[in-house]
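Number of protein chains: 2
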Amino acid sequence: MGCEAASALGLRVAVLAERPDDAACAAAAEVVIGTPFVADDLEALAAVCPVVTFDHEQVDLDLVSALAHAGTAVHPGVAALELAVDKVRMRTVLDEAGVPVPAYAVVESGEAGHLDPRAIDAVEAFAAGHGWPLVLKAARGGYDGKGVWPVEGLAEAEGVLAQVGGQALIEELVPLDAELAVMVARRPSGAAASWPAVETAQVGGVCREVLVPGRIPPHVVEAASALGQKVAEIAGAVGVMAVELFWSDGSLLVNEVATRPHNSGHWTIEGAVTSQFENHVRAVLDLPLGSTTPQHPHVASVNVFGGPAGQDPALLLPRGLAVEGAHVHLYGKSARPGRKLGHVTVCGDDAERARAAAWAAAVALGTPVPEGIEPPGTVRS
Amino acid sequence: MGCEAASALGLRVAVLAERPDDAACAAAAEVVIGTPFVADDLEALAAVCPVVTFDHEQVDLDLVSALAHAGTAVHPGVAALELAVDKVRMRTVLDEAGVPVPAYAVVESGEAGHLDPRAIDAVEAFAAGHGWPLVLKAARGGYDGKGVWPVEGLAEAEGVLAQVGGQALIEELVPLDAELAVMVARRPSGAAASWPAVETAQVGGVCREVLVPGRIPPHVVEAASALGQKVAEIAGAVGVMAVELFWSDGSLLVNEVATRPHNSGHWTIEGAVTSQFENHVRAVLDLPLGSTTPQHPHVASVNVFGGPAGQDPALLLPRGLAVEGAHVHLYGKSARPGRKLGHVTVCGDDAERARAAAWAAAVALGTPVPEGIEPPGTVRS
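Chains A and B, in that order, are what the protein sequence lines are.
First residue of the first sequence: 4, per our numbering; consecutive thereafter.
First residue of the second sequence: 4, per our numbering; consecutive thereafter.
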């Protein structure tokens, strides 16, 4: 989607991809085969790209740092990336800067398979103050719910920590009124713009739908947007940044951040004057940011997942596109049960109608309706 | 732009391009190097594409026909293409079907350089009925004002016809109240949808701006859309089709047609629920068409041309993107003075403000303001 936005501006994107059949290769002007964990591969990319950016945070910060020192413009920079790569660093930096976050403690779980007993003491002490259940998070390597474990008691916590290895976070389980996300675009100069905060619905840590504005009242949208911009500034982010928030008992708490275009911002492609992808491209090239104003009173975006039979949603396009107003995005990835393969956005004046249509199209494209989500209308079959 | 729309749907496009640095290659998933005038090149394209379509009509109808007979789905088909390729065929087919067209006559000008004297007699007879000036058009090979000559008298007509060769049209010079265009999307089944008719401004036969709805009153928009759908049906078009119209003294006359995405439909990318490019892809793949409803009361789209110094508009993006609300599209073509290099679209509630912003961005990107166009505001420098 970033390549499509860059192409519209007449810009050429080269992607670093592990295989020529990776989905991004079809949309990129140029392809460099390799991985971000090999210095030579990064250098091959830098040789054809004056500016390097990212669509995930599974990177080696030392290699990225070396790339920047060798003279390539790397946006976001290493300091901002570090916040997205390392949950412990993210929590502590934001906490120390006065950003509201869930109650937490940092533990050293030792090497994987060799649990440091002091980690268990730390969990016990934290639980004494905050009660069970609580949440354990690996500092690194998590995404889409991976690396996050709600635990009910000490034995379960011990089992998790024994496998994690390295630093981990212990956090209170925040009672949620809603989950929110704010996308912020920020230029090297610090000029920034945020899209309105949206409501996200996660199942098992995986985003299933995004509603704009969803159940979020205007004053909370405003507070969340301001908080998002503050976090982007603290992070020194360049490009777009996602700030995921808990809304709990009238308060906003920062949960996670990502320094890249993010699932919670896909709605901006049709729903806002400028998409997160276009503003990411503009920001990392230090071009003026486009307007982040929404174009419709309501927007619903529902993710497309592979169904149990693993059928390719591309083969279901005749059904998905038959849904009035459905903007279908398929990512060209090979279909597997449970794999995120695309999304559908519907804009309109009526929240429930937009949500019903987006779910109808996603289901028509093979998406199973997960437990915990109740789509409006008669979508569930 | 077609590749970008297909990519969003997760579809792979292969382009037949003469050179690997042709602009479309950067956006396509696959590139076949060749030309549509070489059977082997067309076959190489067909070998990787179950469906073949077109972004221009400079094709060899016999070769395209052979491709279709060999089993490739070719949309639009040869009969529809013929109307776009051959102005004489277009005029006579539409005229015979009862579509209003300018008064015309067909002449045989003989071989190029050997003017058939009967052609001059025909011009004289036509002028006796319709007066001077009149318009001569080559049957084939014209686009963007090429192949069209307004002539003031017989000597000038003789000079033109001596060079044209083959069939030509003689036409009345229609006194214009406005020029309009209608884009129609049509599936193989005949299911069709049209976007609202728009006002276009041409200078020297080249489109400079598109205004939606411009000065066109609603009843004329409706009549034009109906006429556009009728023409698409007569043509048997599959994909999108542009129908360019004259609005003259309360009547609509069909001027030109193109059986492909067209400059007068670029506004649909941001201005309508579904763009002409997405609906072209949907139509040629026989997928359900998306809504053609406009998303804003007013849309202005202004073409970006290379200025006299031939400066690359990509280098002027910092200025062009600074214009609030400007959706900039650059085509990645090498800059030359007078070459069409992109377009800018602005949507909004206010017609003049949208037009002023679109011109401001186009000018910031290096576009000279042509004689005959008076942009609103203080754009002209």
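Note that CB positions come from ideal geometry on N, CA and C, so glycine has one too.
With a CB to CB cut of under 7 Å and the five nearest residues on each side skipped, what residues in its chain are close to residue i?
i: alanine 317 of chain B; result: Leu333
i: phenylalanine 129 of chain B; result: Ala108, Leu137, Ile173
i: proline 297 of chain A; result: Pro199, Val215, Gly274, Ala275
i: arginine 94 of chain A; result: Val104, Tyr107, Leu172
Considering just the uninterrupted stretch of the beta strand (DSSP E) at residue i, what are its terminal residues?
i: phenylalanine 249 of chain B; result: 242-251
i: proline 221 of chain B; result: Run containing proline 221 of chain B: none in the beta strand (DSSP E); it sits in the alpha helix (DSSP H), 221-238.
i: phenylalanine 280 of chain A; result: From DSSP, phenylalanine 280 of chain A is part of no beta strand (DSSP E) but of the alpha helix (DSSP H) over 279-287.
i: leucine 255 of chain A; result: 254-261
i: alanine 204 of chain B; result: 201-206
i: cysteine 210 of chain A; result: 209-215
i: valine 372 of chain A; result: It is not in any beta strand (DSSP E) - valine 372 of chain A carries neither H nor E in the DSSP assignment.
Looking at the strands, I want to know which residues DSSP matches up with residue i.
i: aspartate 352 of chain A; result: None, per the DSSP bridge assignment.
i: tyrosine 107 of chain B; result: B/Glu174
i: aspartate 89 of chain A; result: A/Arg143
i: alanine 189 of chain B; result: Per the sequence shown, the amino acid found at residue 189 of chain B is arginine instead of alanine. Arginine 189 of chain B is bridged to B/Ala195, B/Gly242.
i: isoleucine 36 of chain B; result: B/Ala20
i: glycine 335 of chain B; result: Note: glycine 335 of chain B sits in no beta bridge, so no partner.
i: tryptophan 152 of chain B; result: B/Leu139
i: leucine 183 of chain A; result: A/Glu202, A/Leu248
i: serine 304 of chain A; result: A/Val213, A/Thr348
i: alanine 54 of chain B; result: First, the residue type needs correcting, since residue 54 of chain B is valine and not alanine in the sequence shown. Valine 54 of chain B pairs with B/Ala76.
i: proline 297 of chain A; result: A/Ala275
i: histidine 330 of chain A; result: A/Thr348
Measuring from the CB of residue i, is there a heavy atom of the ligand MG at a distance below 8 Å?
i: glycine 341 of chain A; result: This structure lacks the ligand MG; in fact it carries no ligand of any kind.
Report back the beta-carbon spacing between residue i and residue j to the nearest angstrom; my notes put them in contact at under 8 Å.
i: alanine 286 of chain B; j: arginine 190 of chain B; result: 5 Å
i: valine 54 of chain A; j: leucine 288 of chain A; result: 6 Å
i: alanine 329 of chain B; j: valine 302 of chain B; result: Rounded, the Cβ-Cβ distance is 12 Å, inconsistent with contact.
i: glycine 231 of chain A; j: valine 185 of chain A; result: 3 Å
i: valine 187 of chain A; j: valine 246 of chain A; result: 7 Å
i: serine 228 of chain B; j: proline 199 of chain B; result: 6 Å
i: alanine 160 of chain B; j: leucine 139 of chain B; result: 6 Å
i: serine 267 of chain A; j: valine 331 of chain A; result: So it is not a contact: roughly 19 Å between Cβ atoms.
i: valine 35 of chain B; j: leucine 19 of chain B; result: 5 Å
i: lysine 336 of chain B; j: alanine 26 of chain B; result: 5 Å
Ignore the nearest five residues each way along the sequence and tell me which others in residue i's own chain have a CB closer than 8 Å to its CB.
i: valine 382 of chain A; result: Low local confidence applies: a pLDDT of 47 at valine 382 of chain A is under 50, so the model's placement there is unreliable, with the coordinate-based value given in what follows. Ala359, Trp362, Ala363, Val366, Val372.
i: alanine 83 of chain B; result: Ala238, Gly239, Ala240, Val241, Met244, Thr262
i: glutamate 155 of chain A; result: Trp135, Pro136
i: alanine 73 of chain A; result: Glu46, Ala49
Taking only beta-carbon atoms, is residue i less than 9 Å away from chain B?
i: glycine 328 of chain A; result: yes
i: histidine 265 of chain A; result: no
i: glutamine 298 of chain A; result: yes
i: valine 167 of chain A; result: no
i: glutamate 7 of chain A; result: yes
i: arginine 383 of chain A; result: Residue placement at arginine 383 of chain A is flagged as unreliable, the pLDDT there being 44, under the threshold of 50; a coordinate-derived value is accordingly withheld.
i: valine 276 of chain A; result: yes
i: methionine 244 of chain A; result: no
i: serine 254 of chain A; result: no
i: glutamate 2 of chain A; result: This structure leaves residue 2 of chain A out entirely; chain A is present only between 4 and 384.
Among the residues of its own chain, which have a CB less than 6 Å from the CB of residue i, if the five just before and after it don't count?
i: threonine 52 of chain B; result: Here residue 52 of chain B is cysteine; the residue named in the question, threonine, does not match the sequence. Taken in chain order, the residues that qualify are Ala17.
i: alanine 357 of chain A; result: His301, Ala303, Val349, Gly351
i: aspartate 63 of chain A; result: Phe40
i: lysine 90 of chain B; result: Lys140, Ala142, Leu172
i: valine 305 of chain B; result: Glu212, Val347, Ala361, Trp362, Ala365
Name the chain D residues that come within less than 8 Å of residue i, Cβ to Cβ?
i: valine 257 of chain B; result: No chain D is part of this structure, whose protein chains are labelled A and B.
Under 9 Å between C-beta atoms, does residue i make it to chain A?
i: histidine 332 of chain B; result: yes
i: glycine 345 of chain B; result: yes
i: alanine 71 of chain B; result: no
i: arginine 15 of chain B; result: yes
i: cysteine 28 of chain B; result: yes
i: valine 51 of chain B; result: no
i: proline 191 of chain B; result: no
i: leucine 290 of chain B; result: yes
i: glycine 335 of chain B; result: yes
i: alanine 196 of chain B; result: no
i: arginine 339 of chain B; result: no
Mind checking which residues open and close the alpha helix (DSSP H) that includes residue i?
i: phenylalanine 129 of chain A; result: 120-133
i: isoleucine 272 of chain B; result: 271-274
i: glutamine 166 of chain B; result: 157-167
i: proline 321 of chain A; result: 320-323
i: glycine 313 of chain A; result: Looking at the DSSP string, glycine 313 of chain A is not in any alpha helix (DSSP H), and its letter there is neither H nor E.
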